[in-house]
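In my numbering, the protein residues as written are 3 to 301.
All C-beta atoms, glycine included, are put in the ideal place defined by N, C-alpha and C.
It should be emphasised that the depicted structure is a prediction, and the values quoted were computed from it without experimental measurement.
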């Protein structure tokens with residue numbers, strides 16, 4: 003499955019497209035994927051690998067989706083802005099082709115059993131700075147406590163909403179269980195016994211100082227790919243630019259299969275695994291426009 007995503011920085015705007023292939027085993031399901039419009043299937047999606055995605059009668063996120071970043075560790079404002087711009091761009095109108103919004107229109111085609119589509123609107127909502135509130139080493143269990151702190155903070159707790167996604171983002175000096183060895187990001191439901199609510203959340207880590215060759219490819223390259231030249235990160239930050247595809251990946255999965263019984267294939271291989279990047283994306287360069295209005299190509 004191939005997907006295009008863009009990284010967008012405020013000034014200048016930088017655009018780069020990333021595509022990925024991930025092959026999975028087909029599975030029998032209840033309903034086939036929605037038909038893709040020809041324009042999008044040619045530019046954003048290789049439809050040949052989507053035929054085994056099936057619907058399993060569960061809900062999708064049909065109400066406006068609000069993303070609540072939880073910044074864990076030390077984050078610069080410039081780094082936060084890269085991620086904020088990506089989230090803003092998901093619902094951007096009148097975007098130039100190709101765009102993140104155009105990709106999301108494909109995700110939006112997926113429906114629940116009533117025929118209601120995934121929401122078009124993905125909004126940046128209230129944020130939380132957790133710094134190192136639970137130390138510099140996190141497990142999946144301790145992440146639950148980080149989220150609990152964010153939604154119960156005395157001064158400014160994050161709002162609890164039905165379609166809220168709580169996005170835990172760790173800085174490069176924070177060690178996370180299985181980070182880079184097995185995963186670059188994941189999503190799940192919070193435990194009501196700890197957080198007090200059952201919420202949708204995702205974690206994505208900044209691998210810039212740890213193993214960028216694993217989770218920030220193609221802006222860093224593994225040793226066994228010595229013949230492949232790393233691309234320049236479009237915003238000049240290997241770790242943060244490498245996070246963008248995984249953020250898109252997790253948001254798409256949460257929107258189309260929030261509780262694990264909606265759209266997936268194989269042994270619960272989710273839509274995000276087919277509409278976002280694996281660890282080994284294939285790069286396709288596109289034009290970008292600098293502040294002067296001149297078009298350039300990323301080398």
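Residue(s) in a DSSP beta bridge with residue 187: Translated into positions along the chain shown, residue 187 becomes position 185. In the DSSP output, where bridge partners are listed per residue, residue 187 has 206.
Selected residue, minimal CA-CA separation from residue 204, among 111, 145, 113: Locating residue 204 in the chain shown gives position 202, counting from the first residue. Comparing alpha-carbon positions, the option among 111, 145, 113 lying closest to residue 204 turns out to be 145.
Identified DSSP bridge partners for residue 66: Translated into positions along the chain shown, residue 66 becomes position 64. None, per the DSSP bridge assignment.
The beta strand (DSSP E) enclosing residue 130, as first and last residue numbers: In the chain shown, counting from the first residue as 1, residue 130 sits at position 128. First-last of the beta strand (DSSP E) with residue 130: 130 to 133.
Exposure of residue 207, with buried meaning 16 or more beta-carbon neighbours within 10 Å: Position 205 of the chain shown, counted from the first residue, corresponds to residue 207. Buried, since its Cβ has 16 or more Cβ neighbours within 10 Å.
Among 70, 97, 252, the one whose alpha carbon lies nearest that of residue 149: One-based indexing of the chain shown puts residue 149 at position 147. If we check each option's Cα against that of residue 149, 70 comes out closest.
Residues of its chain near residue 215, where Cβ-Cβ distance is below 7 Å and the 5 sequence neighbours each way are ignored: Mapped onto the chain shown, residue 215 falls at position 213. Within the same chain, residue 215 has close Cβ partners 222, 223, 224.
Every unbroken beta strand (DSSP E) inside the region 105 to 181 [3 residues or more]: As far as the region 105 to 181 is concerned, its whole beta strand (DSSP E) runs of at least 3 residues are 124 to 126, 130 to 133, 166 to 172.
Start-to-end residues for the beta strand (DSSP E) that takes in residue 266: Sequence index remark: in the chain shown, residue 266 carries index 264 (1-based). First-last of the beta strand (DSSP E) with residue 266: 265 to 267.
Residues that DSSP places opposite residue 74 in a beta bridge: For the purposes of this step, residue 74 is taken as residue 72 along the chain shown, with counting starting at 1. Its beta-bridge partners are 133, 172.
Reduced DSSP secondary structure (H/G/I, E/B, other) of residue 57: To locate residue 57, count along the chain shown from 1; it is residue 55. In the structure shown, residue 57 sits in a strand (DSSP, three-state: E or B).
Coil, strand or helix - residue 98 by DSSP: Start at 1 with the first residue of the chain shown, and residue 98 comes out as number 96. Per DSSP, reduced to three states, the secondary structure at residue 98 is coil, with no helix or strand assignment.
Among 250, 260, 261, the one whose alpha carbon lies nearest that of residue 108: Taking the chain shown and counting its residues from 1, the one referred to as residue 108 is at position 106. Taking only the C-alpha atoms, the option nearest residue 108 is 250.
Residue 259 versus residue 127: straight-line alpha-carbon distance, rounded: Taking the first residue of the chain shown as 1, we reach residue 259 at position 257. Taking the first residue of the chain shown as 1, we reach residue 127 at position 125. Their backbone Cα atoms lie some 21 Å apart in a straight line.
Residue 199, DSSP secondary structure in three states: Numbered from 1 along the chain shown, position 197 holds the residue referred to as residue 199. Annotated three-state conformation of residue 199 is coil, per DSSP.
Sequence-distant residues of its chain with Cβ nearer than 8 Å to residue 32 (five each side left out): As a first step, residue 32 is located in the chain shown; it is residue number 30 there, counting from the start. Because residue 32 carries a pLDDT of 35, less than 50, the predicted location of this residue cannot be relied on, and the following value inherits that uncertainty. Same-chain partners within the cutoff: 56, 57, 58, 59.
Outcome for residue 233 when other beta-carbon atoms lying within 10 angstroms are tallied against a minimum of 16: Indexing the chain shown from 1 puts residue 233 at position 231. It counts as buried.
Cβ pair residue 140, residue 189 closer than 7 Å: Taking the chain shown and counting its residues from 1, the one referred to as residue 140 is at position 138. Taking the chain shown and counting its residues from 1, the one referred to as residue 189 is at position 187. Between residue 140 and residue 189, the C-beta spacing is not below 7 Å.
Three or more C-beta pairs below 8 Å linking the region 174 to 186 and the region 118 to 133: The region 174 to 186 is not in contact with the region 118 to 133.
Where residue 237 falls: helix, strand or coil (DSSP): Here residue 237 refers to the residue found at position 235 of the chain shown. Look at residue 237 here: in three-state DSSP terms it is coil, with no helix or strand label.
CA nearest to the CA of residue 138, picked from 75, 123, 120: The count along the chain shown starts at 1 and reaches residue 138 at position 136. Taking the Cα of residue 138 as reference, the smallest distance to any Cα among 75, 123, 120 is reached at 75.
Endpoints, the alpha helix (DSSP H) within which residue 88 is located: Here residue 88 corresponds to residue number 86 of the chain shown, with the count starting at 1. Its alpha helix (DSSP H) spans residues 79 to 92.
Span separating the alpha-carbon of residue 117 from that of residue 166: Taking the first residue of the chain shown as position 1, residue 117 is located at position 115. Taking the first residue of the chain shown as position 1, residue 166 is located at position 164. Going from the Cα of residue 117 to the Cα of residue 166 covers about 21 Å.
Contact set for residue 114: own chain, Cβ-Cβ below 6 Å, skip 5 residues either direction: Taking the first residue of the chain shown as position 1, residue 114 is located at position 112. 61, 62.
Assigned secondary structure, residue 283 (DSSP; H/G/I helix, E/B strand, else coil): Mapped onto the chain shown, residue 283 falls at position 281. Any reading at residue 283 must be qualified, since the residue scores a pLDDT of 32, below 50, and its modelled position is unreliable; no value is offered.
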